[in-house]
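Okay, structure first, notes after.
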Amino acid sequence: MIYKIQRFIVLLIIFTSINLGCDKKTLDVDTKSSNLSLISEPSKTHLLTNSLSAASENKTIKYDKKPQDPILSLPANFEVAFNKKIKLPKNINRKWVESDLNMILNFRQKFPMEDDFEKTIIKFPDNASSERPKKLGLGYQILERSLYAGYGSCSLKILSGYGKIAEVRLSCDFSKKIPAEIFSIYKNALGDAFTYSDSDQNYYAKNRFRFDNYESLLQKFKTHLGHSNIVPIPPELKSEFEYLTDPYSSIDVGSQCYISGQPPDAYKATLALMNAGRVDLIRQVLRGLNPAARVYAFYALDALGKIDNSDQQIIDTLAKDKLLVSSCSGCIVSSRVFKFDTSNNVFNRDL
């Protein structure tokens, strides 16, 4: 009897060894170094595939979408197959990784977008958080939609005017808690249209898409405010000028702000234009799409005594919109309607 039991145990060990020796591709974790390395090969187990079929042991996220836009839209039968058998570091949550991939594809399946603002917005899921629209004046605005998942989030900023979308900017941030090998799956899901970068803490992916009507919508805005002469931007002022004219720039109006009591970046950027004597560039900022930057341009022109009749017409037009502008004084940051009043000119103390 004892002999039979011993024989059975030997056979069981042999059988188990044969099964454990099956040639599978796995992701091995070096627990000491936390490094990931691919071991063993022949079996086909895809982390990401565009094929029409996936291994049965994979979790497949699939979307059927016509490839109208090969850059942003999902190709027909696009699949992300994330292998359940892949070993992950103990501190990595598999469900969070799957949640990130679902979020990425959730955003990508919104493309190609229509330029109709209302039709596009209703496509976004109810769980997408929404900031209050940033009013730019004269019928233009920026609306942001964000989704949050496991190790990251994605946000979409939409620039529109008169009910038509001019531009969208899509950006995603992911924690570096996930290894580079796993982030490569994210990059494949995001696609080649994105530009990638990273910091000590995060991975970043960014994309900008402009509609055919982008230039015409901007021209319509400029028509309302009149034209200023277009001049070359000197390299030493390029970053300041672009920051002030970018509608997406988050700008506070003030001169001594935050816990440091220092001037905000937009203050410094405008002062750089003033010190360079570039009234022409300041006038372009006044005619730009960023409401808070326009306030700085108004203050700058007033402090320099350079407000002419065309500038005053623009100021009167902008004042009618009664836009909310973020202002700062010390640690207090609040939104208020700016009335283009020169009594509180932030540049008076520096000139």
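Just add 84 to wherever you are in the sequence shown, counting from 1, and you've got our numbering. Virtual Cβ for every residue (Gly too), placed ideally from N, Cα, C.
- Query: Looking at the unbroken alpha helix (DSSP H) that takes in isoleucine 266, where does it start and where does it end?
  - Reply: As a first step, residue 266 is located in the sequence shown; it is residue number 182 there, counting from the start. Its alpha helix (DSSP H) spans residues 264–274.
- Item | Three-state secondary structure (DSSP) of valine 409 | As a position in the sequence shown, residue 409 is number 325, starting the count at 1. Strand at valine 409.
- Message: Taking 8 angstroms as the threshold (C-beta atoms), are alanine 387 and asparagine 432 in contact?
- Response: Locating residue 432 in the sequence shown gives position 348, counting from the first residue. Locating residue 387 in the sequence shown gives position 303, counting from the first residue. Result yes, Cβ atoms of asparagine 432 and alanine 387 sit closer than 8 angstroms.
- Message: Taking the beta carbon of cysteine 415 as the centre, do at least 16 other beta carbons fall within 10 Å, making it buried, or is it exposed?
- Response: Counted from its first residue, the sequence shown places residue 415 at position 331. Counting Cβ neighbours within 10 Å, cysteine 415 comes out exposed, since fewer than 16 surround it.
- Can you grab the Cα-Cα spacing for the pair valine 417 / isoleucine 317, in whole Å? The count along the sequence shown starts at 1 and reaches residue 417 at position 333. The count along the sequence shown starts at 1 and reaches residue 317 at position 233. About 32 angstroms.
- Helix or strand or just coil, what does DSSP make of leucine 222? Walking along the sequence shown from the start, residue 222 turns up at place 138. Three-state DSSP puts leucine 222 in coil, outside helix and strand.
- Message: Does glutamate 299 pass the burial test, meaning 16 or more other C-beta atoms within 10 Å, or should it be called exposed?
- Response: For the purposes of this step, residue 299 is taken as the residue at position 215 of the sequence shown. Answer is exposed; the Cβ neighbour count stays below 16.
- Look at the alpha carbon of isoleucine 226 and the alpha carbon of lysine 171, and state the distance between them as a whole number of angstroms. Residue numbering aside, residue 226 sits at position 142 when the sequence shown is read from its first letter. Residue numbering aside, residue 171 sits at position 87 when the sequence shown is read from its first letter. Spanning the two alpha carbons is a distance of roughly 42 angstroms.
- Query: What residue does the beta strand (DSSP E) around serine 244 start on, and which one ends it?
  - Reply: Locating residue 244 in the sequence shown gives position 160, where the first residue counts as 1. Start and end: 236–245.
- Straight-line CA distance for leucine 223 to glutamine 303? To locate residue 223, count along the sequence shown from 1; it is residue 139. To locate residue 303, count along the sequence shown from 1; it is residue 219. The question names leucine, but residue 223 is glycine in the sequence shown. One C-alpha to the other measures close to 13 angstroms.
- Message: What does the Cβ neighbour count give for serine 137, buried or exposed, with the cut at 16 atoms within 10 Å?
- Response: Taking the sequence shown and counting its residues from 1, one reaches residue 137 at position 53. Residue confidence is low: serine 137 scores 26 on pLDDT, short of 50, so the model does not pin down where it sits. Its coordinate-derived value is still stated next. Its Cβ having fewer than 16 others within 10 Å, serine 137 is exposed.
- Buried or exposed (CB count within 10 angstroms, at least 16 for buried), threonine 329: Looking up residue 329 in the sequence shown gives position 245. With 16 or more Cβ atoms within 10 Å of its Cβ, threonine 329 is classed as buried.
- Message: Could you check whether isoleucine 242 and phenylalanine 295 sit closer than 8 angstroms to each other, using their CB atoms as the reference points?
- Response: Position 211 of the sequence shown, counted from the start, is the residue given in the question as residue 295. Position 158 of the sequence shown, counted from the start, is the residue given in the question as residue 242. Not in contact: phenylalanine 295 and isoleucine 242 (Cβ atoms no closer than 8 angstroms).
- Message: Considering Cα atoms alone, identify which of Met187, His308, Ser230, Lys174 is closest to isoleucine 398.
- Response: Reading the sequence shown from its first residue, position 314 is the one you call residue 398. With distances taken between Cα atoms, isoleucine 398 lies closest to His308.
- Message: One question on the structure: do glycine 236 and valine 181 come within less than 8 angstroms of each other, judged by their Cβ atoms?
- Response: Indexing the sequence shown from 1 puts residue 236 at position 152. Indexing the sequence shown from 1 puts residue 181 at position 97. No.
- Message: Going residue by residue through the region 307–357, where are the continuous alpha helix (DSSP H) segments of at least 4 residues, counting only ones entirely within it?
- Response: 322–329
- Query: Whose CA, out of Leu220, Gln193, Asn186, lies closest to the CA of proline 331?
  - Reply: Here residue 331 refers to the residue found at position 247 of the sequence shown. Here the closest residue by C-alpha is Leu220.
- Message: Report the CB separation of valine 379 from valine 337 in whole angstroms; it is logged as a contact under 8 angstroms.
- Response: To locate residue 379, count along the sequence shown from 1; it is residue 295. To locate residue 337, count along the sequence shown from 1; it is residue 253. With 8 angstroms as the limit, valine 379 and valine 337 qualify as a contact, their Cβ atoms being about 5 angstroms apart.
- Is it true that the region 272–284 meets the region 178–196, where meeting means three or more beta-carbon pairs spaced less than 8 angstroms apart? yes
- Just mark glutamine 346 as buried or exposed, buried being the case when its beta carbon has 16 or more other beta carbons within 10 Å. Looking up residue 346 in the sequence shown gives position 262. Glutamine 346 should be labelled exposed.
- Task: Assess, as a yes-or-no matter, whether the region 286–293 is touched by the region 248–263 under the definition of 3 or more beta carbon pairs within less than 8 angstroms.
- Result: yes
- Specify the secondary structure class of aspartate 282 as computed by DSSP and reduced to three states. Residue 282 sits at position 198 when you count from the first residue of the sequence shown. The answer is strand: DSSP assigns aspartate 282 an E or B state.
- Query: Quick one, are the C-beta atoms of glutamate 324 and leucine 357 less than 8 angstroms apart?
  - Reply: The residue labelled residue 324 in the question sits at position 240 within the sequence shown. The residue labelled residue 357 in the question sits at position 273 within the sequence shown. Taking 8 angstroms as the Cβ cut-off, glutamate 324 and leucine 357 qualify as a contacting pair.
- Identify, in the order they occur along the chain, each residue of the same chain with its Cβ nearer than 6 angstroms to the Cβ of alanine 381, setting aside the five sequence neighbours on each side. On the sequence shown, position 297 is the one that residue 381 refers to. So the list reads Ile366, Val369, Leu370, once near-sequence residues are dropped.
- Message: Measuring alpha carbon to alpha carbon, tell me which residue in Cys341, Thr426, Pro263, Ala277 is nearest lysine 174.
- Response: As a first step, residue 174 is located in the sequence shown; it is residue number 90 there, counting from the start. Checked all of Cys341, Thr426, Pro263, Ala277; the closest Cα to lysine 174 is Pro263.
- Query: Helix, strand or coil: how does DSSP classify arginine 75 here?
  - Reply: Outside the shown range of the chain, which is 85 to 435, sits residue 75, and nothing can be said about it.
- Message: Which residue marks the beginning of the alpha helix (DSSP H) containing valine 181, and which one marks its end?
- Response: In the sequence shown, counting from the first residue as 1, residue 181 sits at position 97. Counting along the chain, the alpha helix (DSSP H) containing valine 181 begins and ends at 178–192.
- Query: What distance in whole Å lies between the Cβ atoms of asparagine 374 and serine 333, which are believed to be in contact at a cut-off of 8 angstroms?
  - Reply: By one-based count along the sequence shown, residue 333 stands at place 249. By one-based count along the sequence shown, residue 374 stands at place 290. Between asparagine 374 and serine 333 the Cβ distance is about 6 angstroms, and since that is below 8 angstroms, they are a contact.
- Using three-state DSSP, classify leucine 227 as helix, strand or coil. The residue given as residue 227 occupies position 143 in the sequence shown. Looking at leucine 227 - three-state DSSP - the assignment turns out to be strand.
- Message: Please classify threonine 354 as buried or exposed, where buried requires at least 16 neighbouring CB atoms within 10 angstroms.
- Response: One-based indexing of the sequence shown puts residue 354 at position 270. With 16 or more other Cβ atoms within 10 Å, it is buried.
- If you draw a straight line from the alpha carbon of tyrosine 383 to that of tyrosine 351, how long is it in whole angstroms? Your numbering for residue 383 matches position 299 in the sequence shown. Your numbering for residue 351 matches position 267 in the sequence shown. Their Cα atoms are separated by approximately 10 angstroms.
- Query: Who are the Cβ neighbours of threonine 204 in its own chain at under 8 angstroms, not counting the five residues just before and after it?
  - Reply: Here residue 204 corresponds to residue number 120 of the sequence shown, with the count starting at 1. Once the five neighbours on either side are set aside, the close Cβ partners of threonine 204 are Lys194, Met197, Glu198, Ile242, Ile249.
- Would you kindly report the start and end of the unbroken beta strand (DSSP E) that includes serine 171? On the sequence shown, position 87 is the one that residue 171 refers to. For the record, residue 171 in the displayed sequence is lysine; it is not serine. No beta strand (DSSP E) holds lysine 171; DSSP gives it neither H nor E.
- If you count every other CB in all the chains shown that lies within 10 Å of the CB of lysine 179, and 16 or more means buried, which is it? Start at 1 with the first residue of the sequence shown, and residue 179 comes out as number 95. Lysine 179 should be labelled exposed.
- Cβ atoms of cysteine 412 and proline 319: under 8 angstroms apart, would you say? Against the sequence shown, residue 319 aligns to sequence position 235. Against the sequence shown, residue 412 aligns to sequence position 328. No; because the gap between Cβ atoms is not below 8 angstroms, this pair is not in contact.
- With DSSP run on the structure shown, which of helix, strand or coil describes arginine 362? Sequence index remark: in the sequence shown, residue 362 carries index 278 (1-based). Three-state DSSP puts arginine 362 in coil, outside helix and strand.
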